[in-house]
Amino acid sequence: MSMIFIGGSSEIFELPEPAITRIGAIVAAEHGVLIGDASGADAEAQGLLAGYKYEHVGVFHAGKEPRNNLGDWAAFHVPSPDDATGYCGHAAKDREMARRADFGMMVWDGASPGTAVNVLRLAIANKPCVIYDLARGSMETTYNVEDWCAMLRHAGPDIRRQAEARMTPDERMVLPG
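Just so we're aligned, residue 1 is where the sequence shown starts under UniProt numbering, counting upward by one.
(1) Cβ of residue 9 within 8 angstroms of Cβ of residue 115?
(2) Skipping 5 residues on each side, what residues in its chain have a beta carbon closer than 8 angstroms to that of residue 145?
(3) Would residue 34 and residue 12 qualify as a contact pair, given that the criterion is a beta-carbon distance under 8 angstroms?
(4) Could you check whether residue 94 and residue 110 sit closer than 8 angstroms to each other, using their CB atoms as the reference points?
(5) With the cut-off set at 8 angstroms, would you say residue 118 and residue 143 are in Cβ contact?
(6) Round the Cβ separation of residue 98 and residue 80 to the nearest angstrom and send it over; I've been treating them as touching at under 8 angstroms.
(7) Kindly indicate the opening and closing residues of the alpha helix (DSSP H) around residue 44.
(8) Taking the CB atoms as reference points, tell me whether residue 38 and residue 107 lie closer together than 8 angstroms.
(9) In whole angstroms, give me the CA-to-CA distance for residue 130 and residue 23.
So, in structure tokens, the structure goes:
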């Protein structure tokens with residue numbers, strides 16, 4: 001069973017039809033799903049999976065309890081560093097999902113630096129990630145860091161700077177000059 005890291009921007013409250021179709025294919029193929037507990041794309045995908053009554057889902061969370069676990073699935077607590085808040089408080093769980101995943105599927109608004117960094121984490125490990133870019137109305141797949149850099153060129157330098165600010169030093173080191 002392949003493990004799929006599904007995620008996306010917290011500002012997305014409606015999944016595009018191709019992403020809905022792909023989640024249906026993931027369910028039909030009985031792949032495992034690793035998903036966060038955030039509002040937005042995570043909760044939307046959780047709602048779809050719960051509607052299928054799909055069981056092969058793990059919800060990753062940094063807080064004591066998941067913010068969203070719409071299918072009452074197994075929950076995996078990945079604590080954040082003691083003083084971490086905001087995005088930094090959730091980065092450890094995102095890294096763990098990327099580590100465990102074989103593939104990724106992200107729904108991106110073209111602006112979310114957190115989603116961009118999750119795609120990079122998969123790219124560093126040469127794990128394919130399908131990205132539904134709502135800002136451009138496109139779908140693309142990244143396989144490596146070079147593909148990630150090409151994806152970010154469409155977003156612009158501000159988004160790249162914001163993404164780099166969220167990376168660990170090791171993650172920044174893999175980026176070309």
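We treat Cβ as the ideally placed atom computed from N, Cα and C, and that holds for glycine.
The answer reads as follows:
(1) What you label residue 9 is simply residue 9 of the sequence shown in a count that begins at 1. What you label residue 115 is simply residue 115 of the sequence shown in a count that begins at 1. Yes, they are a contact pair.
(2) Reading the sequence shown from its first residue, position 145 is the one you call residue 145. The answer, listed in chain order, is 120, 123, 124, 174, 175, 176.
(3) In the sequence shown, the residue the question calls residue 34 occupies position 34. In the sequence shown, the residue the question calls residue 12 occupies position 12. Their beta carbons are not under 8 angstroms apart, which means residue 34 does not touch residue 12 by this criterion.
(4) By 1-based counting over the sequence shown, the position of residue 110 is 110. By 1-based counting over the sequence shown, the position of residue 94 is 94. In this structure, residue 94 does not lie closer than 8 angstroms to residue 110 by Cβ.
(5) Here residue 118 corresponds to residue number 118 of the sequence shown, with the count starting at 1. Here residue 143 corresponds to residue number 143 of the sequence shown, with the count starting at 1. Judged by their CB atoms, residue 118 and residue 143 are not nearer to each other than the 8 angstroms cut-off.
(6) Stepping through the sequence shown from its first residue, residue 98 is reached at position 98. Stepping through the sequence shown from its first residue, residue 80 is reached at position 80. The pair is not a contact, with the Cβ atoms about 16 angstroms apart (cut-off 8 angstroms).
(7) Within the sequence shown, residue 44 is the residue found at index 44, counting from 1. For residue 44, the enclosing alpha helix (DSSP H) stretches over residues 41-51.
(8) In the sequence shown, the residue the question calls residue 38 occupies position 38. In the sequence shown, the residue the question calls residue 107 occupies position 107. Cβ atoms of residue 38 and residue 107: not closer than 8 angstroms.
(9) Walking along the sequence shown from the start, residue 130 turns up at place 130. Walking along the sequence shown from the start, residue 23 turns up at place 23. Taken atom to atom, the span from the alpha-carbon of residue 130 to that of residue 23 is near 12 angstroms.
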